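Working notes for the structure below.
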């Protein structure tokens, strides 16, 4: 397992604003969700090239730094993604490098694999400036081989060199990168000047991902996810009172989770924190008998759901649910459920007779 080379910080970038057309704000929701996850978890690595970490040069002082991102139209996009062949070993190394990165760790498995597929291999000679401080960033880099050093140009403390000659700039070393490391992820979120320079100190091989490809993949995935999950929600009676926009917000907040054969999704008697929709596969529901053995009480398949009573009534889990083969679900946690359905929770509780709840789960 590779060790992350980035320093850790408690103040990640926030308030990323994205523009969309066709009244489709799914990509904006996703980018905001990414920064919200980053805010809540100080273990997320920070991009060493972030403008936040270093003082601005004099010509920038007093001016608020702007960031922007391309507006991507989900209604007219016809972008085709080039897939670059990789060995299973290379794919594993890339996947390990992005596993704990705040931009990738909450992507579902399929989208992460698409991201890996589109990363291109690039060979860089020793002594090459890969990233120049002040330039607009477009690429995220994962190091396959080689070493890199990161510097920032800043004001010299006394303005003089060792020979008392005027010197207004100095280069300060701030980080080193090696195989398994990565840098430049903020370039995938928005246009902003790089706040540091990165130079190779050996011949190197990197995997690169550009912002347009990443955002387009994200948008395409979100559009597919919204369409598929909205169809699920439309057939669940407890969501019938919501508007189409309300269901879209729920759909955008669902997270994908995978279970292997015989994995326990939930235990009878446990407190419930998630609502589940089965996207693919089969789940078996069991209850304990008087002698302690498990008795099957239901079999759930694609499109079925469970765990909603814990959202509405704070009930403990009334059954154990176990995956029968590979199981793919989407979940909505209690915080999101309450945040997005808060105005109608009382109505749902008072009118629970209007839907057919799976009362054994």
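Residue numbers (UniProt numbering): 1 to 361. Glycine included, each C-beta is placed from N, C-alpha and C at the ideal position. Here the structure is a predicted model, which means the values were calculated and not measured.
By the neighbour-count criterion, in which 16 or more other beta carbons inside 10 Å mark a residue as buried, residue 113 falls on the exposed side.
For residue 139, the secondary structure class from DSSP, reduced to helix, strand or coil, is strand. Look at the beta carbons and you see the region 255–264 touching the region 330–337: at least three pairs across the two are nearer than 8 Å. For residue 325, the closest alpha carbon among the candidates 108, 283 and 340 is that of 283.
Contact check for residue 201 and residue 126: beta-carbon distance about 7 Å, within the 8 Å limit, so the pair qualifies. Just so you know, the alpha carbons of residue 154 and residue 133 end up roughly 11 Å apart.
Residue 341: member of the alpha helix (DSSP H) spanning 334–341, first to last residue. Cβ neighbours of residue 97 within its own chain (closer than 7 Å, five residues either side excluded): 2, 142, 180 and 182. Distances from the alpha-carbon of residue 341 to those of 83, 241 and 227 put 241 closest. In this structure, DSSP gives residue 225 a helical state, which the three-state scheme calls helix. For residue 89, the closest of 149, 105, 116 and 109 by C-alpha to C-alpha distance is 116. In summary, residue 266 is buried, with 16 or more beta-carbon neighbours lying within 10 Å of its beta-carbon over all protein chains present. Taking the Cα of residue 276 as reference, the smallest distance to any Cα among 215, 123 and 332 is reached at 332. Rounded to the nearest whole angstrom, the CA to CA distance from residue 216 to residue 232 is 24 Å. Annotation: the continuous alpha helix (DSSP H) that includes residue 245 extends over 244–253. Within 10 angstroms of the beta-carbon of residue 209 lie 16 or more other beta-carbons, which makes it buried.
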